[in-house]
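Asker: Protein chains in written order, with my numbering: chain A, 577 to 686; chain B, 560 to 671.
We put the CB at the ideal spot given by N, CA and C, even for glycine.
First the structure, then my questions, so here it is.
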């Protein structure tokens, strides 16, 4: 069974600082790994999708890396803004199923 | 293109009642799935479907039924609601295993 862990559980930083969010998974036979953002009381918004054959994926200030052999992915958010405050979830895809971490709740202080 | 649409957004049920959570997508996605999100437990897979007429159980299927008669729709049925089924339910869809999933906005269910 795939187990996904996210560290840290919560993070508070001043505006402008770079964010580093970590995700680890136990079964390296993944199809891809997806990062989501969730605002309080809302649904999941997809941020980045990294295929198992890729090392990284970038979108604007967001960059996600994937090291499948070690079972790790990292989401980098450059020059954080108060609007980046949310919970970030990673999900590993195996056999038509997503396995989620518990999330990292980020607060960016103005 | 509405994406993944879930109805209702909120629902309160009494213990023992039954109901159906609706999920529809207009992206011609083959894969659809239901998750529940509980504090401290994260998102857990209830049931999933890889195409019309094909469904399978996820991690927490007890107390729920699904069917997939069309590509577009994937309803989740609660047979006899219990307080333990109080949760936020999300429906998701994907074109295939290599593409990412799109999530609906969720249904917040309370069973009293």
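1) The beta strand (DSSP E) that contains residue 590(A), what's its start and end?
2) Any Cβ of chain B within less than 8 Å of the Cβ of residue 601(A)?
3) Tell me residue 646(B)'s beta-bridge partners as DSSP assigns them.
4) Determine, using beta carbons only, whether residue 589(A) and residue 656(A) come nearer to each other than 8 Å.
5) Does the segment 624–632 of chain B touch the segment 571–584 of chain B, meaning 3 or more C-beta pairs lie closer than 8 Å?
6) Can you check which of these residues, 684(A), 612(A), 646(A), is closest to residue 631(A) by C-alpha distance?
7) Can you list the residues of chain A that residue 649(B) reaches, using a CB-CB cut of under 9 Å?
8) I'd like to confirm the pairing. Which residues does DSSP put opposite residue 588(B) in its beta bridges?
9) What is the DSSP secondary structure of residue 615(A), reduced to helix, strand or coil?
10) Counting along the chain, where does the beta strand (DSSP E) carrying residue 653(A) start and finish?
11) Please classify residue 625(A) as buried or exposed, where buried requires at least 16 neighbouring CB atoms within 10 angstroms.
12) Taking only three categories from DSSP, how would you classify residue 660(A)?
13) Helix, strand or coil for residue 619(B)? Go by DSSP, reduced to three states.
14) Anyone know if the C-beta pair for residue 601(A) and residue 580(A) falls short of 8 Å?
15) Any chance the segment 655–674 of chain A sits against the segment 601–610 of chain A, with 3 or more Cβ pairs inside 8 Å?
Answerer: According to the structure data:
1) 586–590
2) no
3) 668(B)
4) yes
5) yes
6) 646(A)
7) 619, 620
8) BP columns for residue 588(B) are empty, so no partner.
9) coil
10) 648–653
11) buried
12) helix
13) coil
14) yes
15) yes
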